[in-house]
Amino acid sequence: MNYAIGIDIGGTNTRVALVNHGMEMVKRVQFPTVVSDPHATIKKIEGVLAEMAPFDICGIGMSCPGPLDLGAGTIIVTPNLDKSWFGFPLVETLSQATGLPVTLENDANLAGLAEAVVGEGKAFRYVQFLTISTGIGSGFVIDKQIYQGAHGFGGEVAAACLWQDGPAAGILPPGAIEAIASGTAITHRARACGLTVAHAGEVAALDAQGNTVAHGIMEDAKNYLANFIGIIYALMDPEIVILGGSVAMKTPGFVSDVEKRVAAKVLPVLRPTIKIVPSTLNEDSGLLGAAYLAFSKAGLSA
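Using my numbering, the letters of the sequence shown map in sequence onto residues 24 to 325.
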């Protein structure tokens, strides 16, 4: 079996890719996610998969925002999709429709897996991935295997509290890292301070132009993210930390600024081990990670 299918269901778009054993995308299809109706989205996926049926496919890997119930193959809760998705039998429905084995995994975990297999982490055993975008997600990969934790919630870091009585957002507790350093948080904090901005990139641009309010907001994001990564180094001892997502990849100097701050927040013996780099994979990292997971589950790791 020379092919696997990767599926990435997001709050805006759903992507489906046919991937060969060399981890190259042979075919890729994208369409808007029907946020209010999982049935409609799955039907669209089934239509795409029917066109790929002639290929020798070993299985399907599916990427979704979490938290997830990996055993049941369902989404528990996510801010990016309607409640009708919560508990919907994604794995069972798609497996029955295609006759193929389907494996569900958290989107950040699969992006991290792709980084460990074909991205900046491919030469390392212990790879930490963080996405700094609309929200904040994490995936820790050891020897090309996702670390899931006891209940499958390993990497669900959005609610990690770092700032006593800090900003809150949605269901997150005050001072959660996602309420400080995500693109959404940066934008909301800037607007609350009277800045007219559409997204975090505009806050970063104002910072670069010398706006002191924007500078303070960006400094908070970098400092608390550095605090968090310093904790990751203390707990997990990664060989490399890879930062992805729009905030990390589109803000000039963001990754290098964070790396310098992390070095000041760890024990001196750890400082030579600090290696923080931007992702070189595009938005399709979750697709590649999902396909690799399907190969792995079939005993055909690329």
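Quick reminder that beta carbons are idealized off the backbone N, C-alpha and C, glycines included.
Tell me whether P55 is buried or exposed, calling it buried when 16 or more other Cβ atoms sit within 10 Å of its Cβ. Exposure of P55 is indicated by the presence of fewer than 16 other C-beta atoms within 10 angstroms of its C-beta.
Bridge-paired residues (DSSP) for P55: N36, per the DSSP bridge assignment.
By DSSP, does I297 sit in helix, in strand, or in coil? coil
Tell me which residues share the same chain as A183 and place their Cβ nearer than 6 Å to its Cβ, disregarding the 5 neighbours each side in the sequence. I200
For S13 and K106, what's the separation of their Cα atoms in angstroms? What is shown of the chain runs 24 to 325, which leaves residue 13 out entirely.
Out of curiosity, what's the CA-to-CA distance linking S86 and G29? 8 Å
Count the other CB atoms, across all protein chains shown, that sit within 10 Å of the CB of I194; report buried if there are 16 or more and exposed otherwise. exposed
CA nearest to the CA of G34, picked from D130, G96, G82 and G84: D130
List, from N- to C-terminal side, the beta strand (DSSP E) runs of 3 residues or more that fit wholly inside the stretch 52-135. 80-87 and 125-129
Please determine, among E179, E138 and S156, the residue with the shortest C-alpha to C-alpha distance to V164. E138
Is the number of C-beta pairs between the stretch 273-286 and the stretch 109-129 that are closer than 8 Å three or more? no
Determine the burial state of M259: buried for a count of at least 16 other Cβ atoms within 10 Å of its Cβ, exposed for fewer. exposed
With respect to the alpha helix (DSSP H) encompassing L153, which residues constitute its N-terminal and C-terminal limits? No alpha helix (DSSP H) holds L153; the beta strand (DSSP E) holding it covers Y149 to I155.
When S156, Y256 and G175 are compared against G223, the one with the closest alpha-carbon: The amino acid at residue 223 is misidentified as Gly; the sequence shows Ala. For the residues S156, Y256 and G175, the minimum Cα distance to A223 belongs to S156.
F289 versus Q171 - alpha carbon distance: Residue identity check: residue 289 is Val in the sequence provided, not Phe. Using only the alpha carbons, I get a separation of about 25 Å.
Between the Cα of D307 and those of M24, P102 and E47, spot the shortest distance and give me the residue it belongs to. E47
Proximal residues to G309 (C-beta, below 6 Å), its chain only, five neighbours per side dropped: D31, S86, D130, L133 and A134
Would P190 and A213 be called neighbours here (beta carbons separated by less than 8 Å)? no
Alpha carbon to alpha carbon, how far is L293 from G198? Give it in angstroms, no decimals. 26 Å
Could you name the residues that DSSP lists as bridge partners for D230? D230 is not bridged to any residue.
Here's a check: name, in chain order, each residue in its chain whose Cβ is nearer than 7 Å to the Cβ of F251, leaving out the five neighbours to either side. A183, L185 and I200
Would DSSP call Y315 helix, strand or coil? Assigned with DSSP and collapsed to three states, Y315 falls in helix.
Under 6 Å Cβ to Cβ from M24, same chain only, skipping five residues before and after it: list those, please. D79 and C81
Are there three or more Cβ pairs, one per stretch, closer than 8 Å when the stretch 143-155 is compared with the stretch 91-106? no
Would you kindly work out how many angstroms separate the C-alpha atoms of G312 and G267, rounded to a whole number? 14 Å
Can you check whether the CB of V141 is closer than 8 Å to the CB of A314? no
For G276, which residues in the same chain have their Cβ closer than 7 Å to its Cβ, ignoring the five residues on either side in sequence? none
Assigned secondary structure, G267 (DSSP; H/G/I helix, E/B strand, else coil): DSSP places G267 in strand when its eight states are reduced to three.
Quick test of your reading: V52 and V39, contact by CB under 8 Å. State the CB separation rounded to the nearest angstrom. 5 Å
Of the choices A181, Q119 and G217, whose alpha-carbon is the least far from that of G158? A181
Checking 8 Å against the spacing of the C-beta atoms, do E74 and A120 come in under that value? no
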